[in-house]
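Worksheet: the structure to be examined is printed underneath.
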Amino acid sequence: MFSPERYYFNSKGIFIFRAGQLVHHYQFEDLIALEKMSVTVNNRKYWFMRIHTPNGQRHYQFIPKDTIFNDNFTQFYRLLKVNYPTKVKGKWHRWFAGV
Numbered sequence: 461m462f463s464p465e466r467y468y469f470n471s472k473g474i475f476i477f478r479a480g481q482l483v484h485h486y487q488f489e490d491l492i493a494l495e496k497m498s499v500t501v502n503n504r505k506y507w508f509m510r511i512h513t514p515n516g517q518r519h520y521q522f523i524p525k526d527t528i529f530n531d532n533f534t535q536f537y538r539l540l541k542v543n544y545p546t547k548v549k550g551k552w553h554r555w556f557a558g559v
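Just so you know, this note's numbering puts the end of the sequence shown at 559, numbered straight through with nothing missing.
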């Protein structure tokens, strides 16, 4: 269930890397939804992104790994909630990630 992919974002969109190589870059407008799944592992919920591509939809699933020193998912979630609120399906609780 572990993915070799790493997900990053900045003001230009979402970037998917595999083995240190950029494999996909998506604009935020291509994001169909960021959704919280019902699957829980070690008291953490899986999330997934559904993204529109020229070949249909792509799905990426992950467990957010926010810590005291790393709040990247929280930043991503907030950016989407402010700029694309209809695309966010589910509530994120940084300190209660299993909720």
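Every residue gets a Cβ at the ideal spot worked out from N, C-alpha and C, and that includes glycine.
According to the neighbour-count rule (16 or more other Cβ atoms, all chains shown, within 10 Å of its Cβ), is residue i buried or exposed?
i    : result
W555 : Residue confidence for W555 is low, a pLDDT of 48 falling below 50, so the modelled location carries little weight and cannot support an answer.
K505 : buried
Y468 : exposed
Check whether the Cβ atoms of residue i and residue j sit closer than 9 Å, and answer yes or no.
i    : j    : result
W507 : K525 : no
I492 : I474 : no
My output table needs one value for residue i: the three-state DSSP class, helix, strand or coil.
i    : result
Y537 : helix
N470 : strand
K549 : strand
Report, in whole angstroms, the separation of the C-beta atoms of residue i and residue j, which I expect to be a contact under 8 Å.
i    : j    : result
L494 : K549 : 7 Å
I476 : E489 : That belief does not hold up - the Cβ atoms of I476 and E489 are roughly 16 Å apart, past 8 Å.
Per DSSP, which residues does residue i bridge with? Please list them.
i    : result
M509 : L494 and Y520
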